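*Asks:*
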Amino acid sequence: MGLKNFYGFNFALLGKQGWHFMANPKVMVAHIFKARYYLRGAFLDTDIGPNPSYSWLSICNSRIVLREGLRWKIGDKSLINVWKETWIKGATGDRFLTQFVPGSEDLAVKDLLKPDIKE
Numbered sequence: 589m590g591l592k593n594f595y596g597f598n599f600a601l602l603g604k605q606g607w608h609f610m611a612n613p614k615v616m617v618a619h620i621f622k623a624r625y626y627l628r629g630a631f632l633d634t635d636i637g638p639n640p641s642y643s644w645l646s647i648c649n650s651r652i653v654l655r656e657g658l659r660w661k662i663g664d665k666s667l668i669n670v671w672k673e674t675w676i677k678g679a680t681g682d683r684f685l686t687q688f689v690p691g692s693e694d695l696a697v698k699d700l701l702k703p704d705i706k707e
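Its first residue numbered 589, the sequence shown is counted upward by one per residue in the working numbering.
1) Quick one: grab the DSSP three-state call for Asp682.
2) Whole-angstrom Cβ separation of Val670 and Phe599, contact assumed at under 8 angstroms?
3) Among Arg624, Ser650, Asp633 and Leu632, which residue has its Cα nearest to the Cα of Asn639?
4) Looking at Leu645: is its Cβ nearer than 9 angstroms to the Cβ of Ile636?
5) Pull up the DSSP beta-bridge partners for Asn669, would you.
6) Quick one: Cα of Glu693 to Cα of Phe594, how far?
7) How big is the Cα-Cα spacing for Lys622 and Thr634?
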């Protein structure tokens with residue numbers, strides 16, 4: 589790869605580190621960053637916070653790329669919020685577009701599907 593696109597290469601490595609925070613939350617480095625920067629939230633949704641380290645700032649900047657490429661693996665469908673998560677791929681911004689119903693803030697994908705059908 590050389591030094592022609594060092595910025596892109598570095599950005600990819602930082603994105604990979606962010607992916608590891610989400611995929612392996614029990615690894616010590618993920619615990620350390622979570623305790624310091626996003627104790628009560630999720631990696632993708634947290635703010636950079638006051639006085640961030642250069643490492644944290646760089647990893648947070650790579651979240652843009654992660655958000656563009658991430659998709660849910662549906663599984664049991666209980667963790668996927670219909671309104672907040674990117675779970676439908678399409679030309680409309682990958683969000684579930686319909687009129688919002690008050691009181692359905694915690695609606696999950698599992699609530700939309702029949703339990704006996706696996707489609």
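Yeah, the Cβ is synthetic: ideal placement off N, Cα and C, and Gly gets one too.
A quick note: this is a predicted structure, and the numbers were derived from the prediction, not measured.
*Replies:* Well, looking at it:
1) Bear in mind that the predicted position of Asp682 carries a pLDDT of just 49, short of 50, making it too unreliable to give a figure here.
2) With 8 angstroms as the limit, Val670 and Phe599 do not qualify as a contact, their Cβ atoms being about 31 angstroms apart.
3) Arg624
4) yes
5) Ala696
6) 42 angstroms
7) 10 angstroms
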